[in-house]
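Asks: If you read the protein sequences in the order shown, they are chains A and B.
In terms of the numbering used here, the first sequence is residues 205 to 514.
In terms of the numbering used here, the second sequence is residues 205 to 514.
The C-beta atom is built at its ideal place from N, Cα and C for all residues, glycine as well.
Remember, predicted model here, so these are calculated numbers, not experimental data.
Number of protein chains: 2
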Amino acid sequence: MNFADLLIQKIEERNNPSVVGLDPRIENIPSSIREEKANKYGDTAQAVAAAFLEFNRGIIDAVHDIVPAVKPQMAFYEQYGPYGVEAFIETVKYAKSKGLVVIEDAKRNDIGSTAVAYANGHLGEVATCKGNKIAIYGVDAITVNAYLGTDGIKPFVDNIKEHGRGCFILVKTSNKSSGELQDLKLQDGNTVYEKMAQLVNQWGEGTEGTLGYSSVGAVVGATYPQEAKRLREIMPKAIFLVPGYGAQGGGADDVLPCFNPDKRGAIVNSSRGIIFAYQRREGFTEEQYKEAARAAAEDMRDDLRRALNL
Amino acid sequence: MNFADLLIQKIEERNNPSVVGLDPRIENIPSSIREEKANKYGDTAQAVAAAFLEFNRGIIDAVHDIVPAVKPQMAFYEQYGPYGVEAFIETVKYAKSKGLVVIEDAKRNDIGSTAVAYANGHLGEVATCKGNKIAIYGVDAITVNAYLGTDGIKPFVDNIKEHGRGCFILVKTSNKSSGELQDLKLQDGNTVYEKMAQLVNQWGEGTEGTLGYSSVGAVVGATYPQEAKRLREIMPKAIFLVPGYGAQGGGADDVLPCFNPDKRGAIVNSSRGIIFAYQRREGFTEEQYKEAARAAAEDMRDDLRRALNL
Chain A
205 MNFADLLIQK
215 IEERNNPSVV
225 GLDPRIENIP
235 SSIREEKANK
245 YGDTAQAVAA
255 AFLEFNRGII
265 DAVHDIVPAV
275 KPQMAFYEQY
285 GPYGVEAFIE
295 TVKYAKSKGL
305 VVIEDAKRND
315 IGSTAVAYAN
325 GHLGEVATCK
335 GNKIAIYGVD
345 AITVNAYLGT
355 DGIKPFVDNI
365 KEHGRGCFIL
375 VKTSNKSSGE
385 LQDLKLQDGN
395 TVYEKMAQLV
405 NQWGEGTEGT
415 LGYSSVGAVV
425 GATYPQEAKR
435 LREIMPKAIF
445 LVPGYGAQGG
455 GADDVLPCFN
465 PDKRGAIVNS
475 SRGIIFAYQR
485 REGFTEEQYK
495 EAARAAAEDM
505 RDDLRRALNL
Chain B
205 MNFADLLIQK
215 IEERNNPSVV
225 GLDPRIENIP
235 SSIREEKANK
245 YGDTAQAVAA
255 AFLEFNRGII
265 DAVHDIVPAV
275 KPQMAFYEQY
285 GPYGVEAFIE
295 TVKYAKSKGL
305 VVIEDAKRND
315 IGSTAVAYAN
325 GHLGEVATCK
335 GNKIAIYGVD
345 AITVNAYLGT
355 DGIKPFVDNI
365 KEHGRGCFIL
375 VKTSNKSSGE
385 LQDLKLQDGN
395 TVYEKMAQLV
405 NQWGEGTEGT
415 LGYSSVGAVV
425 GATYPQEAKR
435 LREIMPKAIF
445 LVPGYGAQGG
455 GADDVLPCFN
465 PDKRGAIVNS
475 SRGIIFAYQR
485 REGFTEEQYK
495 EAARAAAEDM
505 RDDLRRALNL
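1. For chain A, check one thing: does any of its Cβ atoms lie closer than 8 Å to the Cβ of Lys441(B)?
2. For Met205(A), count the other beta carbons within 10 Å of its own beta carbon; 16 or more makes it buried, fewer makes it exposed. Which is it?
3. Around the Cβ of Asp309(B), are there at least 16 other Cβ atoms within 10 angstroms (buried) or fewer (exposed)?
4. If we ignore side chains and look at the alpha-carbon of each, how far apart do Tyr351(B) and Ala345(B) end up?
5. For the region 322-345 of chain A, enumerate the residues whose C-beta is nearer than 8 Å to any C-beta of chain B, in chain order.
6. Nearest to Ser382(B) by alpha carbon, out of Ser474(A), Ala511(A), Thr354(A) and Ile338(A)?
7. Considering Cα atoms alone, identify which of Arg476(A), Phe292(A), Ser474(A) and Ser378(A) is closest to Val423(A).
8. Decide if the region 455-468 of chain A is in contact with the region 504-511 of chain A; the criterion is three or more beta carbon pairs, one per stretch, under 8 Å apart.
9. I'd like to know whether the C-beta atoms of Asn405(A) and Leu445(A) end up nearer to each other than 8 Å.
10. Run through DSSP, which three-state label would Ser222(B) get?
11. By how many angstroms is the C-alpha of Asn464(A) removed from the C-alpha of Asn394(A)?
12. Give the range of the beta strand (DSSP E) segment to which Pro276(B) is assigned.
13. At a Cβ cut of 8 Å, what residues of the region 367-389 of chain A count as close to chain B, listed as they run along the chain?
14. Could you tell me the distance, in whole angstroms, from the CA atom of Glu384(A) to the CA atom of Glu294(A)?
15. Return the residues of the region 242-254 of chain A that lie within a Cβ-Cβ distance of less than 8 Å from chain E, sorted by chain order.
16. Residue range of the beta strand (DSSP E) that Ser235(A) falls in?
17. Can you list, in chain order, the stretches of the beta strand (DSSP E) that have 3 or more residues and sit fully within the region 420-492 of chain A?
18. Helix, strand or coil, according to DSSP, for Gly316(B) in the structure here?
19. Can you tell me the Cα-Cα spacing of Glu495(A) and Ser235(A), whole angstroms?
20. Is there a C-beta anywhere in chain A that falls below 8 Å from the one on Leu512(B)?
21. In the DSSP assignment, what are the bridge partners of Leu390(B)?
22. Please return the same chain residues whose Cβ sits closer than 8 Å to the Cβ of Lys302(A), not counting the five positions on each side in sequence.
23. Quick one: which unbroken beta strand (DSSP E) runs of 3-plus residues sit fully inside the region 245-306 of chain B? Chain order, please.
24. I'd like to confirm the pairing. Which residues does DSSP put opposite Leu374(A) in its beta bridges?
25. Taking one C-beta from the region 235-249 of chain A and one from the region 270-289 of chain A each time, how about it: are there three or more such pairs within less than 8 Å?
26. Just tell me which of Ala481(A), Tyr449(A), Thr347(A) and Glu231(A) has its CA closest to the CA of Ser222(A).
27. Can you check whether the C-beta of Asp355(A) is within less than 8 Å of a C-beta belonging to chain B?
28. Could you check where the alpha helix (DSSP H) with Val603(A) kicks off and where it finishes?
29. Hey, could you find the ends of the alpha helix (DSSP H) Ile357(A) is sitting in?
30. Look at the alpha carbon of Tyr298(A) and the alpha carbon of Arg485(B), and state the distance between them as a whole number of angstroms.
31. For a cutoff of 8 Å on Cβ pairs, would you count Thr427(B) as touching chain A?
32. Under the three-state reduction of DSSP, which class applies to Lys380(A): helix, strand or coil?
33. Taking only beta-carbon positions, decide if Asp314(A) is within less than 8 Å of chain B.
34. Could you give the distance in angstroms between the alpha-carbon of Lys358(A) and the alpha-carbon of Leu374(A)?
35. Between Leu304(A) and chain B, is any beta-carbon pair separated by less than 8 Å?
36. Going by beta-carbon coordinates alone, are Leu210(A) and Gln391(B) separated by less than 8 Å?
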């Protein structure tokens, strides 16, 4: 199935254009989980990875009927080496078994021949010793950094077309210093991020689903609503993956410019505000981290529904 | 020890400013290794990872007294999941045990709070369940993509200062389409890559070693000698990591503009041209892949010595 169609269908089933970021940080995981894993595996990377996986399964159980998608951030897993990567893959499997779309946040990038390895590994299939093909990560979509231009993007687009996957290209990121490069004014009057948006449009050609949206999307931060408005005009067919809601300061009204008049075209991410809600909201113990996450996911959904009139 | 000092010292010990890219591709690994691993582990990702590790150890044995450094490209390992990442880490350990500097090519990037995870994982230490700190990847330096600006770079610089590590920031990459973004002309007359170079200069402040070079380096492709000349002026203290020599078309004369008048300030990479030399040069069987790699590494060293008058 085409990725853009799949994502929009899931969003509309839940009537909720939001995605939960699975960004586990060991110091924020409930102490009972941390202690149990350290007792079982010693105070090792393996114990942390096991804690992440148990925690993630709890979060997925709590939110899978509310949200259409999850976005595990690879950095948090990869930092623990092979065990961390294994926890990432097991998290992906569990999320998919619960009917969730999985968007890997990895911001990968390289020159063409190396980008093939990233794209095949994360979205497609890789070759074995005997020349057979096996799938490794099996995510539905991945975030990509396009500073290297078209030949680093093509391998991802090839996999998108062959395997029904998607990608989201960094256009205007949510962080404070995103403007240092992205906001620079070019001689033709555009900014760097506007130029990037034009390229995203080109790269998405031929990846559209039946609903008219492209499977090459764009990362556009909730913290820059003015820029988002302009980007919505440049990339009418791209789905925006919108970080920066919640903990980073963006609200539901800030993300409205990321949507098209058909109320489609964007999916808003919250990570810490959902998964560590037990530390941020009144009335939850750490044993109740799932209930807190569920309540936070419902609040975010309701907030977006209200702002978008869904 | 300061990274810039360490790298320059190793380069001068070998009188050879080159680095061997460890970019294993399973279809290019000698068939005897592939068959042995498939027999032992089945036709699995584990078998590929084991083949990579054996192959890499052979290459490292063959070149460690000729070159100062190796540059494993994470994409090729990561695509095979946890086993691939384990092979990467074991390759790093083996290279360091043979006295080589290890530069991880990973082009990582993210917003500040997530970049901390990448930087701590690859260059520094990460927290355990009990709040202790452990090192995971232990590389000497990593390549970084700075499209997100300063707050995504600071965590790397923090680790560079604390642990004596280094990074190389993508400025002007070696691939054909690098110009689509990087060559855009800004209203102030600079190109995007020139602006990136100015930022690299800033980010490197305070990371210099006793030899005056910064531990925040720059990736500058051998395929763009004119641009390299300009970049050498903008970043006098940065060490250039120079891909694109050999298989990508750059020659020893093309990399000369990457060096300073003191004949320091750059390290030139070749990957396929060295590690798969047995497929590219006359007179070697696949059993002789180590001898072929050694001969290719010697030729590259001699080529650079001649061009630089070393």
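Replies: Let me spell this out:
1. no
2. The C-beta of Met205(A) has fewer than 16 other C-beta atoms within 10 Å across all chains shown, which makes the residue exposed.
3. Here Asp309(B) is buried: its Cβ has 16 or more other Cβ atoms, across all protein chains shown, within 10 Å.
4. 19 Å
5. Tyr322, Asn324, Gly325, His326, Val330, Ala331, Thr332, Cys333, Lys334, Gly335, Asn336, Ile338, Ile340 and Tyr341
6. With distances taken between Cα atoms, Ser382(B) lies closest to Thr354(A).
7. Ser378(A)
8. yes
9. no
10. strand
11. 22 Å
12. Ala273 to Pro276
13. Leu374, Thr377, Ser378, Asn379, Lys380, Ser381, Ser382, Gly383, Glu384, Leu385, Gln386, Leu388 and Lys389
14. 37 Å
15. Reference to chain E is not applicable here, since the protein chains of this structure are A and B.
16. Segment Ser235 to Tyr245 is the alpha helix (DSSP H) holding Ser235(A); no beta strand (DSSP E) there.
17. 420-424, 444-446 and 470-474
18. helix
19. 16 Å
20. No, no contact with chain A.
21. Leu390(A)
22. Ile264, Asp265 and His268
23. Whole beta strand (DSSP E) segments, 3+ residues: 273-276.
24. Val423(A)
25. Contact between the region 235-249 of chain A and the region 270-289 of chain A is present, because at least three Cβ pairs lie under 8 Å.
26. Tyr449(A)
27. yes
28. Nothing can be reported for residue 603(A): it is not among the residues displayed for chain A, which extend from 205 to 514.
29. Thr354 to His367
30. One C-alpha to the other measures close to 48 Å.
31. no
32. helix
33. Nearest CB-CB separation between Asp314(A) and chain B: below the 8 Å threshold.
34. 15 Å
35. no
36. no
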